[in-house]
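Quick note, the sequences are listed as chains A and B, same order.
Quick note on numbering: the working numbering labels position 349 of the first sequence as 349, and the sequence is numbered without any gaps.
Quick note on numbering: the working numbering labels position 216 of the second sequence as 1216, and the sequence is numbered without any gaps.
C-beta atoms are modelled at their ideal positions from N, C-alpha and C, and glycine is treated no differently.
This report concerns only the one structure given below.
There are 2 protein chains.
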Amino acid sequence: MNIQSFFPPRRTLMGPGPSDIHPRVLQALSRPTIGHLDPLFIQMMDELKSLLQYAFQTNNEFTIAVSAPGSAGMEACFVNLLEPGDTVIVCRNGVFGERMRENVVRCGANAVLVDNEWGQSVSVDKVEQAIREHPEAKILAFVHAETSTGALSDAEALGRLAKQHGLLTIVDTVTSLGGVPLYVDEWQLDAVYSGSQKCLSCVPGLSPLTFSPAAIEKIKSRKTPVQSWFLDQTLVMGYWSGQQKRSYHHTAPVNTLYALHEALLLLQEESLESSWRRHQQMHQQLRSGLEQLGLTFVVEESERLPQLNTVRIPEGIEDEWVRTYLLHHYNLEIGAGLGQFAGNAWRIGLMGYSARTENIALCLKALEDALAQCQASVPMR
Amino acid sequence: MNIQSFFPPRRTLMGPGPSDIHPRVLQALSRPTIGHLDPLFIQMMDELKSLLQYAFQTNNEFTIAVSAPGSAGMEACFVNLLEPGDTVIVCRNGVFGERMRENVVRCGANAVLVDNEWGQSVSVDKVEQAIREHPEAKILAFVHAETSTGALSDAEALGRLAKQHGLLTIVDTVTSLGGVPLYVDEWQLDAVYSGSQKCLSCVPGLSPLTFSPAAIEKIKSRKTPVQSWFLDQTLVMGYWSGQQKRSYHHTAPVNTLYALHEALLLLQEESLESSWRRHQQMHQQLRSGLEQLGLTFVVEESERLPQLNTVRIPEGIEDEWVRTYLLHHYNLEIGAGLGQFAGNAWRIGLMGYSARTENIALCLKALEDALAQCQASVPMR
């Protein structure tokens, strides 16, 4: 194979993540690498922690970025909080709820499933019923913003319910963090993870993670060791903790952490509230344009995520043909459907730096063209 | 906290990794992010796979980069190849052999330890004895190049021994890949992982990994699920495999993979043989200079890694004082001792792009100054 340096094209990323990266974040990414135990790097990590606390709206001392993508952040929550035989109530209304169930099973724990239709949010009533039927359950796990469907669940109500019944919560905020209101402390959420490549508009590869004091207590009272060495947060704490000398656990992904630092700084400069507002405003713009094109949303308006717009693929339109056309003619990526929605829905992301009027204009005009071309022509196969 | 953009200083990295990054690799890192399912990205991954096969000297179809640091690559080997109750012979002659034991235990398997002194290589005779005493053992795990001590073990002889007795091997090549000869196929090694930030001179965050057909067979014949979802390589195969449509497993760390692609391309341009020779030559230069400074090596000459030089800290010299002096006055990082060697040895890395004459000159002159200053002055505390 004759291999050359790889020069990617400049795409506009309006799928379910990675989203467009702010130029300042890409610049930060390529700054000179320094050691993961360098005093200046440790200082940067302290700042990063404080920026993550702001993004999560938490004072949790344990607030870090896992050195791997969101799926590893999810697994970090389950392997640290669960012990074999524990019962966990898992809310499943899309791909990521199902992935939570997989994690529970692989920890040797029992999953009680609360199912909702794909595209719907998690029913608080159903969860309450499950909690009453399973007094042995110790943990409630749910996805705040389902990336596979675009549905937003009521994390505040679910957090309150869990506390009323003495359960800890594991919450997936991969797509919500920075895009819609999230108040980890006020809502009393316990183990909350996210991803770097969605509304934070950082490159993929990191998973922000925060544990409440109650979660830490549960971890400290474990009778069995955490089954993963890499994700054992009692070991990771020794590296991220500011109280004493940092101890080596694994080599941190130095440059990607520079990038996350910059991305979070951008978020702080804009302010969370403004970012949430911007996502909502851009969503309304996109929505009205999509409706003018005759596209309809999968998710009810009241449960819809502004940053992830799942629309039905119209009758007679070929999914892959359109996405390929957008990519080739406009360097525009929109997301395919996942799971139940594969082939019958698109996911149009408006996450972080992607949530801009110029992106919406491009997307609407390009989609208009693609739909017309697809209807007019024999699809290229 | 008043937080600004982070501008790291320009350090010369001569510790145990991360090593200096080639400018071309940093450039590649900050190229525009594209989607992890973009056809052009998939094409880049195919090239990356072929470049990794070259670096590992293997034709293994399953050759990928784990989306997390070397410790996750290690764990990927153990959780995929082991089932509860399996017996594994673990060679322990430093920190990473001990980490392997930790992994075995967390998989619910049994570790038979073959211990060697820190700073020595793994004794092939001792391993043979352990294999004879434990016919139930299915796997032999060892570290090719111990990053904590600088000792090189005979991976060829250990691989041959394992095959003679029908054992699979798990081999840590985090510090060896690209720095000293390694022939995965010829030496019949089965599950081999490495790290991006050592002799490949890429940024930290990825773990190259290759599985032999025999390792794949073992994984496919498992009776229990892999305990980690994130590291379950039967799922990851669906994303990296070229045979059919790529399926989404997790969001790949797109930009860091660009960087690894470029780093491996540099290795291919130089050729493995030249890279091995360069590491050896640079080691001889550094060694002679260090000996002139009166420093002595921890590891016997015949077992010494050229890319990681562990030297005793002379009587009366303060470890941390010297390392801090080097960092502040010369922007030079050398590594502290780890584990048993903490406080009494330094680890001077000559890995990848760090293995250059200009780095050696700087290191020797700066160390000479630091040692003199430390002897002359009351150490600053």
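Query                                                                                                                    : Result
A:P314 vs A:H279 beta-carbon contact at 9 Å                                                                              : no
Buried or exposed (CB count within 10 angstroms, at least 16 for buried), B:G1159                                        : buried
Rounded separation between B:Q1027 and A:R347 - CA only                                                                  : 31 Å
Chain A residues whose Cβ lies nearer than 9 Å to that of B:L1367                                                        : Under the 9 Å cutoff, chain A gives no residues; its nearest Cβ is about 17 Å from B:L1367.
Chain A contacts made by the segment 1029 to 1044 of chain B, where a contact means CB separation under 9 Å              : L1029, S1030, R1031, P1032, T1033, I1034, G1035, H1036, L1037, D1038, P1039, L1040, F1041, Q1043, M1044
Proximal residues of chain B, C-beta to C-beta of A:V203 below 8 Å                                                       : T1033, P1253, V1254, N1255, T1256
Sub-9 Å separation of A:W118 and A:F297 beta-carbons                                                                     : no
Within chain A, partners of B:F1341 - CB distance below 9 Å                                                              : Those within 9 Å of B:F1341 in chain A number zero; the least Cβ separation is about 13 Å.
Buried versus exposed, by CB contacts within 10 Å (16 or more), A:L286                                                   : buried
Residue-chain proximity (A:C107, chain B), Cβ-Cβ < 9 Å                                                                   : yes
Inter-residue Cα distance where the pair is B:K1365 and B:Q1284                                                          : 16 Å
Residues of the segment 179 to 205 of chain A whose Cβ lies closer than 8 Å to any Cβ of chain B, in chain order         : G195, Q197, V203, P204, G205
N-terminal and C-terminal residue of the beta strand (DSSP E) that B:D1232 is part of                                    : Element bounds for B:D1232: n/a, residue is neither H nor E.
Chain A residues whose Cβ lies nearer than 8 Å to that of B:R1010                                                        : P32
Burial state of A:P135 (16 or more Cβ within 10 Å)                                                                       : exposed
C-alpha distance - A:S302 paired with A:E318, whole-angstrom precision                                                   : 29 Å
Close-in-space but distant-in-sequence residues of the same chain around B:Q1120 (CB under 7 Å, 5 per side omitted)      : N1093, A1151, E1303
Boundaries of the beta strand (DSSP E) in which B:W1346 is found, first to last residue                                  : 1345 to 1349
Beta-carbon proximity list for A:D115, same chain, < 6 Å, skipping 5 on both sides                                       : R92
Beta-carbon proximity check, A:P16 vs A:G335, cutoff 9 Å                                                                 : yes
Nearest to B:F1078 (by Cα), restricted to the options B:S1153, B:Q1227, B:L1206                                          : B:Q1227
Under the three-state DSSP convention, the category A:K245 falls into                                                    : coil
Neighbour flag for A:E146 against chain B, beta carbons, 9 Å                                                             : no
Cut-off 7 Å between Cβ atoms - residues of its own chain near A:F7, not counting five sequence neighbours on either side : none
Chain-ordered residues of the segment 260 to 275 of chain A with a beta carbon less than 9 Å from chain B                : H261, E262, L264, L265, Q268
For A:V88, the nearest candidate out of A:N331, A:V299, A:S271, A:N103 (CA to CA)                                        : A:N103
Best match in B:D1190, B:Y1330, B:G1337, B:L1235 for proximity to B:N1309 [C-alpha to C-alpha]                           : B:G1337
Any beta strand (DSSP E) of 3 or more consecutive residues that is wholly inside the segment 1126 to 1187 of chain B     : 1137 to 1143, 1168 to 1172
CB-CB length for A:K218 against A:L168, believed under 8 Å                                                               : 6 Å
Burial state of A:T224, where buried means 16 or more other Cβ atoms lie within 10 Å                                     : exposed
Reduced DSSP category for B:M1001 - H, G, I as helix; E, B as strand; rest coil                                          : coil
C-beta neighbour in chain B for A:R99, strict 9 Å                                                                        : yes
Local conformation of B:T1310 per DSSP, three classes                                                                    : strand
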